[in-house]
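So the sequence shown is numbered by UniProt numbering: it starts at 1 and just counts up by one. Where is the CB? At the ideal position from N, CA and C, for every residue including glycine. Each remark here refers to the structure printed beneath this line.
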Amino acid sequence: MDGFKQRIVGALIIVSLAVIFVPMLFDEPHQERERQTLEIPPEPDVPDVTVEEPTEPEVTETVQGSVPAPNQTGDGDDSEDADLPMADDGSTGGNESEPSPDEQPDTSVLEGAYLVQLGSFGSADNAKQLRDRAREAGMDAYIESFERDGETLTRVFAGPFIERSAAEDAKAELDQSFGLDTLVITGGE
């Protein structure tokens, strides 16, 4: 029995040592974490800024000054074109920023915007007819003349659109309405 007691005492000592030392092996060393404090600077003093609204008489004078210009050219077709969109769009009240029929928008303003190119024509009359049809359909349309190989061509555009998705929607509507295969391009091209 003496051997049996020694085995039990040995087992108890081993279990006691295991209870003491095993947690030390698996326990991570305890280090105190240093706290970092972030200081947020105080909000800077911002002076109050008042923005003056543009005066309407200047805008009205500009629009009134640009409307008679097509009538003064003496071309009967241009004056009819100028009167028709004004009568149709006058009820919407948003026609002030639309260019006159033969006026080309500033292409630097169109950079980054999306346009739908309806077509390119050798005849300016055909381009004007398509532009007028697009305007009657509720689109902002304009024409732009350019020269290629000594020949003057006229392109018809609808837009500008801020987002490509809006230009794609207009393209689909124009393709279906007029049976065209239009292109979506970025302005300033």
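Can you tell me whether residue 159 is buried or exposed, with buried defined as 16 or more other CB within 10 angstroms of its CB?
As a working note, residue 159 is residue 159 in the sequence shown. Taking every protein chain shown into account, the CB of residue 159 has 16 or more other CB atoms within 10 angstroms, so this residue is buried.
Cβ atoms of residue 142 and residue 186: under 7 Å apart, would you say?
Start at 1 with the first residue of the sequence shown, and residue 186 comes out as number 186. Start at 1 with the first residue of the sequence shown, and residue 142 comes out as number 142. Result no, Cβ atoms of residue 186 and residue 142 do not sit closer than 7 Å.
Please tell me whether residue 156 and residue 171 are closer than 7 Å, where the distance is taken between their beta carbons.
For the purposes of this step, residue 156 is taken as the residue at position 156 of the sequence shown. For the purposes of this step, residue 171 is taken as the residue at position 171 of the sequence shown. Contact: no.
What three-state label does DSSP hand residue 36 in the structure shown?
Position 36 of the sequence shown, counting from 1, holds the residue named residue 36. Three-state DSSP puts residue 36 in coil, outside helix and strand.
Neighbourhood of residue 127 by C-beta distance below 6 Å, restricted to the same chain and skipping five residues each side:
Mapped onto the sequence shown, residue 127 falls at position 127. Within the same chain, Cβ atoms closer than 6 Å to the Cβ of residue 127 are found at 121, 143, 154 and 156, the five residues on either side in sequence being excluded.
Identity of the residues DSSP links to residue 141 by a beta bridge:
The residue labelled residue 141 in the question sits at position 141 within the sequence shown. For residue 141, the pairing in a beta bridge is given by DSSP as 158.
What do you reckon, are the CB atoms on residue 137 and residue 165 nearer than 7 Å?
The count along the sequence shown starts at 1 and reaches residue 137 at position 137. The count along the sequence shown starts at 1 and reaches residue 165 at position 165. For residue 137 and residue 165, no; Cβs fall outside 7 Å.
Just mark residue 18 as buried or exposed, buried being the case when its beta carbon has 16 or more other beta carbons within 10 Å.
As a first step, residue 18 must be located in the sequence shown, where it is residue number 18. When all chains shown are included, residue 18 counts as exposed.
Go through its chain and collect everything with a Cβ distance to residue 139's Cβ below 6 Å, but skip five positions before and after it.
Here residue 139 corresponds to residue number 139 of the sequence shown, with the count starting at 1. These residues qualify, in order along the chain: 158.
On the DSSP bridge list, what partners appear for residue 112?
Indexing the sequence shown from 1 puts residue 112 at position 112. In DSSP, residue 112 forms no bridge with anything.
Applying the 10 Å Cβ sphere with the 16-neighbour rule, what's the burial state of residue 149?
The residue given as residue 149 occupies position 149 in the sequence shown. Taking all protein chains in view, the Cβ of residue 149 is surrounded by fewer than 16 other Cβ atoms within 10 Å, so the residue is classified as exposed.
Quick one: residues in its chain with C-beta nearer than 7 Å to the C-beta of residue 152, no 5 flanking neighbours on either side, listed in chain order?
Along the sequence shown, read from residue 1 onward, the residue named residue 152 stands at position 152. Only residues of its own chain outside the window of five on either side were considered, and among them 145 have a CB closer than 7 Å to the CB of residue 152, listed in chain order.
Where residue 182 falls, given that 16 or more other Cβ within 10 Å makes a residue buried:
Taking the first residue of the sequence shown as 1, we reach residue 182 at position 182. Buried, by the Cβ-count rule.
Leaving out five residues before and five after residue 168 in sequence, what residues of the same chain have Cβ atoms less than 8 Å from its Cβ?
Here the question's residue 168 lines up with position 168 in the sequence shown. If the five residues before and after residue 168 are omitted, its C-beta is found closer than 8 Å to the C-beta atoms of 184, all from its own chain and listed in chain order.
If you run the structure through DSSP and keep just helix, strand and coil, what is residue 151?
Here residue 151 corresponds to residue number 151 of the sequence shown, with the count starting at 1. Looking at residue 151 - three-state DSSP - the assignment turns out to be strand.
Alpha-carbon spacing of residue 117 relative to residue 133, whole angstroms:
Here the question's residue 117 lines up with position 117 in the sequence shown. Here the question's residue 133 lines up with position 133 in the sequence shown. A straight-line Cα-Cα distance of about 14 Å links residue 117 and residue 133.
With DSSP as the reference, label residue 124 as helix, strand or coil.
Reading the sequence shown from its first residue, position 124 is the one you call residue 124. Of the three classes helix, strand and coil, the one that applies to residue 124 here is helix, per DSSP.
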